[in-house]
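Down below is the structure, laid out as structure tokens.
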């Protein structure tokens, strides 16, 4: 693991690191914010999964998470959204290929050689983090934005017992029923659209739910509402009687101005779960 | 004036606007954050002047000011750092020409046709803002980072009675005695370096001071400490017995991670002054 940069931030450290990823078969970059409490011992971990076109950097610089993570003594991990490098398959569209890994393991060519983001986020990166940072891996929560909201919800419901809480900003809530999902799942996973449901937050919510609290924020003026399909997730949450708060936020769009506005709430929500018992 | 974008942010609005500037003889872009209180009537105004290479956008997206401005019901104005456009003079160096206006009025060719940033910030933009936004122009304060810290301090001491308070993050504190200043002042203002002192925060502090509170934050690990010369300003503040707080912040560098860490303090500091009497 190489240190790309470290900056003092809110009495802690905002670092950027890179490493050779076995899962993705390429060099991967990620960011970690460590609060000052990490100098004394392991701290709880909040994952932030980013949306289409993002790298590790967007949320790190624009979401304002460090202020609240510092307040609660929580580390924040910002992974990249796809494999990277010249020999990694890509597509001209912004929503397929690099910057658009969708947090699944591709089974199809040309993607499967590198696009193993589910294994990367679920297995490889946690192991690397546990080895190199003072993190309490028994206290993890996860959140994300848009494609990263899909990733957070999907991983939280799939990796049972891993995360204490899950939240999302404007998640792609029903990818198997949306052009943000169907195109990518077909490319990465093949044409059997029944198999896609195991990667779809609304389907997972209907089938199994999440063993902990859920928080969803969705702006009413989001320019991508038709692609995000929050109604599918809201319906599944209510039908399941899932422990969840689903907020339609009047006037907000899909941007980081929306995310930063409600980041304080999300970090406090996760802190409640991370420090429980 | 044209609206470039408006995004809901912290219950208010983060807008970006452009207009034909008479002072700079080109199209200029600026950003304004309006808190929700602005829907009911005029609100106090905090100016944020940015540093070298920045536009209106850097601080708007990375400084985290909106959270605290919303808390205190204060608007924040983010001007650009120089004139813009294909016919505007420039230099290959990042610290001269576009992105490096230094908030002075150039008297020398080829700069003087467009580089009239002092008039722009002191006169033209305030008049435009007063006409188009619900701002209480009798309650203004100013802050800035690096070159913008120089600009904030210089304008606060020059425009007597205009600003209730002034603060700076890692300001270029003594430009007439630094390679960040001498090169630019020579280009924009000519070779008479005695005349530069009227644009130098440390000289102005020694000569006249500021009729209000001053807050300076400077990181001890700032990679540009030798160019910023905080010791000149600290000395002038102490010698004058200026109402001021000067903080050397251990471990912090010159980045927005430093700015965002202390933005809450700066906005609260200005709020105290803006709401006084």
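Chains as they are written, first to last, in my numbering: chain G, 31 to 307; chain U, 31 to 307.
Where is the CB? At the ideal position from N, CA and C, for every residue including glycine.
- Residue contact check for residue 38 of chain G against chain U: a CB pair falls below 9 Å.
- Approximately 6 Å separates the beta-carbon atoms of residue 172 of chain U and residue 186 of chain U; this is inside 8 Å, confirming the contact.
- Around the C-beta of residue 283 of chain G, 16 or more other C-beta atoms lie within 10 Å, and the residue is accordingly described as buried.
- When the alpha-carbon of residue 94 of chain U is set against those of U:289, U:231, U:46, U:224, the nearest one is in U:289.
- Taken in chain order, the members of the segment 77 to 105 of chain U whose beta-carbon sits within less than 8 Å of a beta-carbon on chain G are 91, 92, 94, 96, 97.
- The beta carbons of residue 109 of chain G and residue 86 of chain G sit about 6 Å from each other, so the pair counts as a contact at 8 Å.
- For residue 88 of chain U, the enclosing alpha helix (DSSP H) has its first and last residue at 87 to 92.
- Taking 9 Å as the cut-off between beta carbons, the residues of the segment 252 to 283 of chain G near chain U are 279, 280, 281, 282, 283, in sequence order.
- In this structure, residue 262 of chain G keeps its C-beta atom at 9 Å or more from the C-beta atom of residue 276 of chain G.
- Cα atoms of residue 233 of chain G and residue 241 of chain G: separation of roughly 16 Å, rounded to the nearest angstrom.
- Only residues of its own chain outside the window of five on either side were considered, and among them 113, 114, 115, 118, 144 have a CB closer than 7 Å to the CB of residue 56 of chain U, listed in chain order.
- Per DSSP, reduced to three states, the secondary structure at residue 137 of chain G is coil, with no helix or strand assignment.
- In the same chain as residue 159 of chain U, and ignoring 5 residues on each side of it, the C-beta atoms closer than 8 Å to its own belong to 62, 75, 107, 165, 167, in chain order.
- Put simply, the CB of residue 41 of chain G is near chain U, with a gap under 9 Å to one of its CB atoms.
- A distance below 6 Å between beta-carbons, with the five flanking residues on each side excluded, links residue 182 of chain G to the following residues of its chain, in chain order: 79, 172, 173, 174, 196, 198.
- Contact between residue 201 of chain U and residue 152 of chain U fails: their C-beta atoms lie close to 18 Å from each other, not under 8 Å.
- Cβ contact annotation for residue 53 of chain U (same chain, cutoff 6 Å, sequence separation greater than five): 146, 149, 150, 154, in chain order.
- The C-beta of residue 238 of chain G has fewer than 16 other C-beta atoms within 10 Å across all chains shown, which makes the residue exposed.
- When rounded, the separation of the alpha-carbon atoms in residue 254 of chain G and residue 243 of chain U is 46 Å.
- Contacts with chain G at 9 Å (Cβ-Cβ) include residue 288 of chain U.
- Here residue 304 of chain U is near residue 170 of chain U, since their CB atoms are less than 9 Å apart.
- Looking at the DSSP output, residue 57 of chain U bridges to U:50.
- A distance of 9 Å or more separates the beta carbons of residue 258 of chain U and residue 272 of chain U.
- Think of a sphere of 8 Å around the beta carbon of residue 44 of chain G: the chain U residues whose beta carbon falls inside it are 287, in chain order.
- Against chain U, the CB of residue 67 of chain G has no partner CB under 9 Å away; the residue lies outside that interface.
- With respect to chain G, the C-beta atom of residue 249 of chain U has a partner C-beta closer than 9 Å.
- By the criterion of a C-beta distance shorter than 6 Å, residue 193 of chain G is surrounded in its chain by 170, 171, 172, 186, once the five residues flanking it on both sides are discounted.
- Per DSSP, residue 40 of chain G lies in no alpha helix (DSSP H) segment and is marked neither H nor E.
- Taking a C-beta distance under 9 Å as the contact criterion, residue 81 of chain G and residue 208 of chain G do not qualify as a contact pair.
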